[in-house]
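Peer 1: Please find one structure pasted underneath; my questions will follow.
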Amino acid sequence: MAGGANTCGFARSGGSYCWGANGAGQLGPAAGDTCDGTPCSRTPVALPAEPKLRLLALGSAAHLCGLTAAGVAYCWGSNSGGQLGLGAAGGTRDAPAAVTGGLRFKAIAVGGEHTCALETDGTPWCWGRDILPPGEGGISFSAVPVAIGSSPAFTDLITGTWAACGRTAAGAVSCWGINAHGEIGVTPAGLDIRYLTPQPLSGGGRWSMIAGSLATFCGLDEADGTWCWGDGGNGELGADLDASTVPVRVGGL
Numbered sequence: 002m003a004g005g006a007n008t009c010g011f012a013r014s015g016g017s018y019c020w021g022a023n024g025a026g027q028l029g030p031a032a033g034d035t036c037d038g039t040p041c042s043r044t045p046v047a048l049p050a051e052p053k054l055r056l057l058a059l060g061s062a063a064h065l066c067g068l069t070a071a072g073v074a075y076c077w078g079s080n081s082g083g084q085l086g087l088g089a090a091g092g093t094r095d096a097p098a099a100v101t102g103g104l105r106f107k108a109i110a111v112g113g114e115h116t117c118a119l120e121t122d123g124t125p126w127c128w129g130r131d132i133l134p135p136g137e138g139g140i141s142f143s144a145v146p147v148a149i150g151s152s153p154a155f156t157d158l159i160t161g162t163w164a165a166c167g168r169t170a171a172g173a174v175s176c177w178g179i180n181a182h183g184e185i186g187v188t189p190a191g192l193d194i195r196y197l198t199p200q201p202l203s204g205g206g207r208w209s210m211i212a213g214s215l216a217t218f219c220g221l222d223e224a225d226g227t228w229c230w231g232d233g234g235n236g237e238l239g240a241d242l243d244a245s246t247v248p249v250r251v252g253g254l
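Here's what the structure looks like:
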């Protein structure tokens, strides 16, 4: 699996390994390379043997998270926005640390300065910046998991830089967060447009899979057609569009 600055994988012989950037301690203290003046590793670095993680999640920024077989969430790397879920923001961690709250999750996804996970009953929880309801002082921030209200039970979850989407067992997709480029899949869009509860994707439909990165999300419909929405400035939508608040069919797919 690959993120914005790191790549990780599980070895057949056991154990998990990551490589890439290490400016926020994503690879632990042992990575000793330098890439363009920034700490990194060009070779795989073993993560600690404990906790034993069965799932890893990498995002567009400088933190990583994983789940144990029991569903306990661990995160490490940058904690600039409380995205590690440790109860306070700031600093970095160079080893997996348990997320506060003792919740058990079945899926986890890493965004920009936020992390989201699905509780075993399908309830989405998020922590960090950008995609949370305003708290004290009107700031959308939490260093502990917060349940996303008015949400259906999800089976799948993805996150981008400023937004997240979930898919239900029936194939319905809803998204929430900052609708900077239309990645929530509704109108209006803009950097100052924030949706605090999951919004059904424009056009509805049934989706067999969803995926995403940065400010673009995509999905497969029941006929295996590929559709994308959000940022298209670099051709991510497969169409001559800078952005779209509705799913756009990728040509030929």
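For what it's worth, this note's numbering labels the leading residue of the sequence shown as 2, then goes sequentially. For each residue, glycine too, the CB sits at the ideal point set by N, CA and C.
Between the segment 80 to 90 and the segment 123 to 135, do three or more beta carbon pairs fall short of 8 Å?
Peer 2: Taking 8 Å as the limit for Cβ pairs, the verdict is that the segment 123 to 135 does touch the segment 80 to 90.
Peer 1: Closer than 8 Å is the cut-off here; do at least three beta carbon pairs connect the segment 111 to 127 with the segment 84 to 102?
Peer 2: Yes, they touch.
Peer 1: Please report the residue range of the beta strand (DSSP E) in which LYS107 lies.
Peer 2: Here the beta strand (DSSP E) through LYS107 covers 106 to 111.
Peer 1: Would a C-beta distance cut-off of 8 Å place THR227 and VAL251 closer than the cut-off?
Peer 2: For THR227 and VAL251, yes; Cβs fall inside 8 Å.
Peer 1: What did DSSP end up calling SER175 once you bin it into helix, strand or coil?
Peer 2: Reduced to three states, the DSSP call for SER175 is strand.
Peer 1: Please work out which residues of its chain come closer than 7 Å, Cβ to Cβ, to LEU56, disregarding the five sequence neighbours upstream and downstream, and give them in chain order.
Peer 2: Cβ neighbours of LEU56 beyond the five flanking positions: GLY67, LEU68, ILE109.
Peer 1: Check whether the Cβ atoms of GLY206 and ASP222 lie closer than 8 Å to each other.
Peer 2: Going by C-beta atoms, GLY206 is nearer than 8 Å to ASP222.
Peer 1: Rounded to a whole number of angstroms, what is the C-alpha to C-alpha distance between THR121 and ALA47?
Peer 2: Their backbone Cα atoms lie some 29 Å apart in a straight line.
Peer 1: Please classify GLN200: does DSSP put it in a helix, a strand, or coil?
Peer 2: Strand.
Peer 1: Where does GLY150 land, buried or exposed, given buried means 16+ other C-beta within 10 angstroms?
Peer 2: That one is exposed.
Peer 1: Starting from the Cα of MET210, find the closest Cα among LEU202, CYS219, SER203, VAL147 and give me that residue.
Peer 2: For MET210, the nearest C-alpha among the options comes from CYS219.
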